[in-house]
Amino acid sequence: MKLAERTETELIRHIRAQLADPAQAANPLRADLEALLLLSEAQRIRLERLIRISDGYHDLERSRNLSLIEQYDRQIQRLEKLTRISDRYQKHLRELNQELKQAVLRDPLTEIGNRRYLLESLKAECARAQRKGGGFSLALLDVDHFKTVNDRLGHEAGDRVLREIARAIQAGLREYDLCGRWGGEEFLVMLPDTPLDTAVGVAERIRHNVSQIHLEQTGSPLPLTASLGLACHQPGEEYSATIHRADLALLRAKATGRNRVERLD
C-alpha cells in the first residue's frame, strides 16, 4: 500500500512501530517524531472535548430553533473542519517519516548512501535483472594507504578526505549510476545495464578524480589515490557473489601496485 493511501490510524501505527524499532534509537529525528505523535494525540483529545462541550451548550440553546437541514449543514461543516486538521497532521507525519527513512539510508559522514542503502539497491537491481534480463557491473573502491593519511594529517582530516572522495565518485558517475559508502574507506558503485568494457571507463574516470584531490599539509606532498575492482553480475547469481568477485579484483589491484582498476570477468 502506498503511503498516501494509508488511513490516519495505519500511518500512526506505522510510525509507532518505527519508534519502537531499536535500530532507530539513535536517529536524530526520533525524538521530534515521538513529540509530534504526543502532540497529535493531545490535540485530538482536546478537540473532542471542546466539541462535546460546544455541542452540549449549543444543542441546549439552539436545538429548538434549528431545522433538520440546518443541523445537517452544521455537522457537515464540522466534519470538513476536522478533516482539514487531520489532513495537516497526516501530511506532517508523512514528511517526518520520509525524512526518517532518508536518514536511515544515508551515511552521516559523506552524506551519500550507506551500506543498508546499497544492499537494498542491489536486491532491487538483481530482481529487475531477473525479470527483464540484462545485468549490471559493480565497482569496489578502496583508498590507498588511508592509514597514512590519518597518521600524518589526523582523523579529522581523514574524514574530510572521505567526503572529498565521495564527491569525486559522484562527479564521475552517470545520471543513472549510484554509489555509497560500503564501510571504512571502501565505497561501492553500481552501474546498471553496463558491460565491463564500459564500466572500466567509468572506473578510470573515478580513479582520476580521486587522484586530483589536493591534501593540504606542511612538508612533503602526500598523494591520494584509490584502487578499484570491477565485476559484472552474471544471470541467476546472488549479488553477494558479484561483490565477492569485485573484491577479488580489488585485491588484485592492490597487489599489483595500487592506483589502478582491475576487472574480473
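If you read the sequence shown in my numbering, its first letter stands for residue 126, the second for the next number, and so on. C-beta atoms are modelled at their ideal positions from N, C-alpha and C, and glycine is treated no differently. Only a predicted model underlies this, so the values are computations on that prediction, with no experimental measurement involved.
Practice item. Would you grab the beta carbon distance between ILE137 and LEU158 for me? Rounded to a whole angstrom, and I think it's under 8 angstroms. Key: As a first step, residue 137 is located in the sequence shown; it is residue number 12 there, counting from the start. As a first step, residue 158 is located in the sequence shown; it is residue number 33 there, counting from the start. In fact, because the Cβ distance is near 11 angstroms, the residues do not count as touching under 8 angstroms.
Review point. What is the DSSP secondary structure of ASP390, reduced to helix, strand or coil?
Key: By 1-based counting over the sequence shown, the position of residue 390 is 265. In the structure shown, ASP390 sits in coil (DSSP, three-state: anything other than H, G, I, E or B).
Point to revise | Length of the line joining the Cα atoms of ALA351 and ASP267 | key: Start at 1 with the first residue of the sequence shown, and residue 351 comes out as number 226. Start at 1 with the first residue of the sequence shown, and residue 267 comes out as number 142. Cα-Cα distance, rounded: 6 angstroms.
Review point. Which same chain residues, not among the five before or five after LYS127, have their C-beta less than 6 angstroms away from its C-beta?
Key: The residue you call residue 127 lines up with position 2 of the sequence shown. Since pLDDT at LYS127 reaches only 48, below the 50 mark, its modelled position is unreliable, and no value is offered.
Review point. In three-state DSSP terms, what is ARG285?
Key: For this step, residue 285 is matched to residue 160 along the sequence shown. If DSSP states are grouped into helix, strand and coil, ARG285 belongs with the helices.
**Study point:** Strand pairing of ARG231, partner residues [DSSP]
**Key:** Working through the sequence shown from its first residue, we reach residue 231 at position 106. DSSP, once it has assigned bridges, lists GLY238 as partnering ARG231.
Exercise for review: Enumerate in chain order the residues of its own chain whose CB-to-CB distance from VAL286 is below 6 angstroms, with the five nearest sequence positions on each side excluded.
Suggested key: The count along the sequence shown starts at 1 and reaches residue 286 at position 161. Correct list, in chain order: VAL274.
Point to revise | Of the listed residues GLY305, GLY382, PRO348, nearest to HIS339 (C-alpha basis) | key: Translated into the one-based positions of the sequence shown, residue 339 becomes position 214. The option with the nearest alpha carbon to HIS339 is PRO348.
**Study point:** Euclidean distance between Cα positions of LEU316 and GLU289
**Key:** For this step, residue 316 is matched to residue 191 along the sequence shown. For this step, residue 289 is matched to residue 164 along the sequence shown. One C-alpha to the other measures close to 21 angstroms.
**Study point:** Separation of ILE170 from GLY395, as counted between CA atoms
**Key:** Any question about residue 395 goes unanswered here, given that the chain covers just 126 to 390.
Point to revise | Residues of its chain near ALA129, where Cβ-Cβ distance is below 7 angstroms and the 5 sequence neighbours each way are ignored | key: Taking the first residue of the sequence shown as position 1, residue 129 is located at position 4. Note that ALA129 has pLDDT 49, beneath the 50 cutoff, so the model's placement of it is unreliable and no number is given.
Exercise for review: Sort out for me which residues DSSP pairs PHE261 with in a bridge.
Suggested key: Numbered from its first residue, the sequence shown carries residue 261 at position 136. In the DSSP output, where bridge partners are listed per residue, PHE261 has PRO317.
Check your understanding: Cβ of LEU353 within 8 angstroms of Cβ of ILE368?
Key -> Walking along the sequence shown from the start, residue 353 turns up at place 228. Walking along the sequence shown from the start, residue 368 turns up at place 243. Not in contact: LEU353 and ILE368 (Cβ atoms no closer than 8 angstroms).
Point to revise | Nearest-angstrom Cα separation, counted from THR208 out to GLU119 | key: Since the first residue of the chain shown is 126 and the last is 390, residue 119 is not available in this structure.
**Study point:** Buried/exposed call for TYR301, threshold 16 Cβ in 10 Å
**Key:** Sequence index remark: in the sequence shown, residue 301 carries index 176 (1-based). TYR301 comes out exposed.
Check your understanding: Looking only at DSSP bridge pairs, what is ASP267 linked to?
Key -> One-based indexing of the sequence shown puts residue 267 at position 142. ASP267 is bridged to GLU311, SER352.
Point to revise | Where SER365 falls, given that 16 or more other Cβ within 10 Å makes a residue buried | key: Working through the sequence shown from its first residue, we reach residue 365 at position 240. SER365 is exposed by the Cβ-count criterion.
Check your understanding: Roughly how far, in whole angstroms, is the beta-carbon of LEU321 from the beta-carbon of CYS357, given that I think they are within contact range, below 8 angstroms?
Key -> Taking the sequence shown and counting its residues from 1, the one referred to as residue 321 is at position 196. Taking the sequence shown and counting its residues from 1, the one referred to as residue 357 is at position 232. 5 angstroms between Cβ atoms; contact.
Exercise for review: Give me the Cβ distance between GLY462 and ASN334, rounded to the nearest whole Å; I'm assuming they're in contact under 8 angstroms.
Suggested key: What is shown of the chain runs 126 to 390, which leaves residue 462 out entirely.
Check your understanding: Hey, how far is the Cα of VAL327 from the Cα of GLN149?
Key -> Your numbering for residue 327 matches position 202 in the sequence shown. Your numbering for residue 149 matches position 24 in the sequence shown. For VAL327 and GLN149, the distance between alpha carbons rounds to 36 angstroms.
Practice item. Measure the CB-CB distance between GLU133 and GLN215 and report whether it falls below 8 angstroms. Key: Your numbering for residue 133 matches position 8 in the sequence shown. Your numbering for residue 215 matches position 90 in the sequence shown. Contact: yes.
Check your understanding: Leaving out five residues before and five after PHE271 in sequence, what residues of the same chain have Cβ atoms less than 6 angstroms from its Cβ?
Key -> Taking the sequence shown and counting its residues from 1, the one referred to as residue 271 is at position 146. Excluding residues within five positions, the ones whose Cβ falls inside 6 angstroms are GLU310.
Check your understanding: What did DSSP end up calling GLY326 once you bin it into helix, strand or coil?
Key -> In the sequence shown, counting from the first residue as 1, residue 326 sits at position 201. Of the three classes helix, strand and coil, the one that applies to GLY326 here is helix, per DSSP.
Review point. Where does the unbroken alpha helix (DSSP H) through THR134 begin, and where does it stop?
Key: Translated into positions along the sequence shown, residue 134 becomes position 9. Unbroken alpha helix (DSSP H) run through THR134: 133-145.
Point to revise | Whole-angstrom distance between ARG177 and LEU230, CA atom to CA atom | key: The count along the sequence shown starts at 1 and reaches residue 230 at position 105. The count along the sequence shown starts at 1 and reaches residue 177 at position 52. So the alpha carbons of these two residues sit roughly 45 angstroms apart.
Review point. When you compare only the Cα positions, how much space is there between ARG385 and ALA142?
Key: Position 260 of the sequence shown, counted from the start, is the residue given in the question as residue 385. Position 17 of the sequence shown, counted from the start, is the residue given in the question as residue 142. Their Cα atoms are separated by approximately 46 angstroms.
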